[in-house]
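S.K.: Those letters in the sequence shown? Residues -20 to -1, 1 to 118, per mature numbering (1 follows the signal peptide of the UniProt record, and there is no 0), in order. Note that the Cβ used here is the ideal one computed from N, Cα and C, for glycine as well. Keep in mind it's a predicted model, so treat the numbers as computed, not measured. The structure that follows is given in the form of structure tokens.
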Amino acid sequence: MSRLFVAAALALSVCAVSTADEPKKEKATVDLFASVEDETLKKEAPESDVIVSAKAWEKLAKAWGIKDPAKVDFAKEILVVQTTVGSRLTVTTKLDDTGDLKVLGIATRDLRPGFRYAIKSVSKEGVKTVNGKELPKE
């Protein structure tokens, strides 16, 4: 019985230590996934895969029909944008030690009319480049 208690206590302490080292995940200001029927509007996506200004965000939101786009503090956050013609899209981001924000869009291979997009806000803190490219000026 005491061995079981010691094993349980040890397991709980290991769990507590492993979660203490993980960074806190803040809720994203923007986390959108939607479809646009007109595939020609896909060209409105930023070449750099990021939006760094309210002007660019408003332009994209208008082009893609995003109603009531969330207010973003671009001094603190940037938006990452990915598109696909597949039915599902997941966006992951990871900031490396050199300040390069790696943005990866993982999509299904099934083709559907129009296109899907995912837009997600991430902290601007420490970001120097995105996928090895300088942040856009506007």
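Span of the beta strand (DSSP E) holding Glu57?
M.R.: Glu57 to Thr64
S.K.: Cα separation between Pro93 and Arg68?
M.R.: Distance between the alpha carbons of Pro93 and Arg68: 13 angstroms.
S.K.: Apart from the five residues just before and just after Lys51, which ones in its own chain have a Cβ nearer than 7 angstroms to its Cβ?
M.R.: none
S.K.: Out of Ile46, Gly79, Lys35 and Lys42, which one is the CA nearest neighbour of Lys108?
M.R.: Gly79
S.K.: Would you say Val110 and Val83 are within 9 angstroms of each other, going by their C-beta atoms?
M.R.: yes
S.K.: Does the beta-carbon of Ser101 have 16 or more other beta-carbons within 10 angstroms, so that it is buried, or is it exposed?
M.R.: buried
S.K.: State the CB to CB distance for the pair Leu21 and Ile31, rounded to an integer number of angstroms; the pair is presumed to be in contact (CB under 8 angstroms).
M.R.: No, Leu21 and Ile31 are not in contact; Cβ-Cβ is about 15 angstroms, not under 8 angstroms.
S.K.: At 3 residues or longer, and completely inside the region 33 to 59: list those beta strand (DSSP E) runs for me, N to C.
M.R.: none
S.K.: DSSP puts Leu75 in a beta bridge; with which residues?
M.R.: Leu81, per the DSSP bridge assignment.
S.K.: Could you compute how far the alpha carbon of Asp18 sits from the alpha carbon of Pro49?
M.R.: 20 angstroms
S.K.: Sort out for me which residues DSSP pairs Val107 with in a bridge.
M.R.: Paired residues: none, contrary to the question.
S.K.: Measure the beta-carbon distance from Val16 to Trp44 and round it to whole angstroms, keeping in mind my assumption that it falls under 8 angstroms.
M.R.: 5 angstroms
S.K.: Please report the straight-line C-alpha distance between Gly66 and Glu105, rounded to a whole angstrom.
M.R.: Roughly 32 angstroms between the two C-alpha positions.
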